[in-house]
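Undergrad: According to my numbering, the sequence shown holds residues 221 to 312 in order.
By construction, the Cβ of each residue, glycine as well, lies at the ideal position given by its N, Cα and C atoms.
Here's a structure for you.
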Amino acid sequence: MNAEDKDHVADLKASPSALPPSDEVEGAPAQQADGPYTVAALYKFVALPDYEALRAPLLTVCKKHGIVGTILLAREGINGTVCGTHEAISAL
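Right under this line is the structure:
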């Protein structure tokens with residue numbers, strides 16, 4: 221790492237807000253409200269004593285609809301972030 225890179229890293233550590241918004245970064249995709257994909261972040265604290273039984277059906281739905289991401293299942297509830305078409309996320 222050269223000296224200029226080290227200075228840049230130090231600046232980022234000192235002030236994370238020094239980064240420009242993504243629409244100002246060269247080559248960054250423009251944000252589209254009606255884009256082809258939807259990202260859904262979700263959680264719910266709920267008793268899921270049989271949470272292990274939910275894994276297979278959720279995985280089947282995600283694979284069928286091309287949904288990618290992470291879903292965490294536990295006795296205490298569900299948490300995740302997934303991405304897919306609007307129709308796919310609605311199906312989930």
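Express the C-alpha separation of residue 257 and residue 304 in angstroms, rounding to a whole number.
TA: One-based indexing of the sequence shown puts residue 304 at position 84. One-based indexing of the sequence shown puts residue 257 at position 37. So the alpha carbons of these two residues sit roughly 5 angstroms apart.
Undergrad: By how many angstroms is the C-alpha of residue 268 removed from the C-alpha of residue 287?
TA: Residue numbering aside, residue 287 sits at position 67 when the sequence shown is read from its first letter. Residue numbering aside, residue 268 sits at position 48 when the sequence shown is read from its first letter. The straight-line gap from Cα to Cα measures roughly 23 angstroms.
Undergrad: Given a threshold of 16 other Cβ atoms within 10 Å of its Cβ, counted over all protein chains shown, does residue 302 qualify as buried or as exposed?
TA: Sequence index remark: in the sequence shown, residue 302 carries index 82 (1-based). With 16 or more Cβ atoms within 10 Å of its Cβ, residue 302 is classed as buried.
Undergrad: Between which residues of its own chain and residue 261 is the CB-CB distance below 6 angstroms, once the five residues before and five after are set aside?
TA: What you label residue 261 is simply residue 41 of the sequence shown in a count that begins at 1. Non-local beta-carbon contacts of residue 261 in its own chain, meaning distances under 6 angstroms to residues more than five positions away in sequence, involve 301 in chain order.
Undergrad: Please check the pair residue 311 and residue 281, which I expect to be a contact at CB under 8 angstroms, by giving their CB distance rounded to whole angstroms.
TA: What you label residue 311 is simply residue 91 of the sequence shown in a count that begins at 1. What you label residue 281 is simply residue 61 of the sequence shown in a count that begins at 1. The Cβ separation is near 6 angstroms, so the contact holds.
Undergrad: Identify, in the order they occur along the chain, each residue of the same chain with its Cβ nearer than 7 angstroms to the Cβ of residue 272, setting aside the five sequence neighbours on each side.
TA: Position 52 of the sequence shown, counted from the first residue, corresponds to residue 272. Cβ within range, chain order: n/a, list empty.
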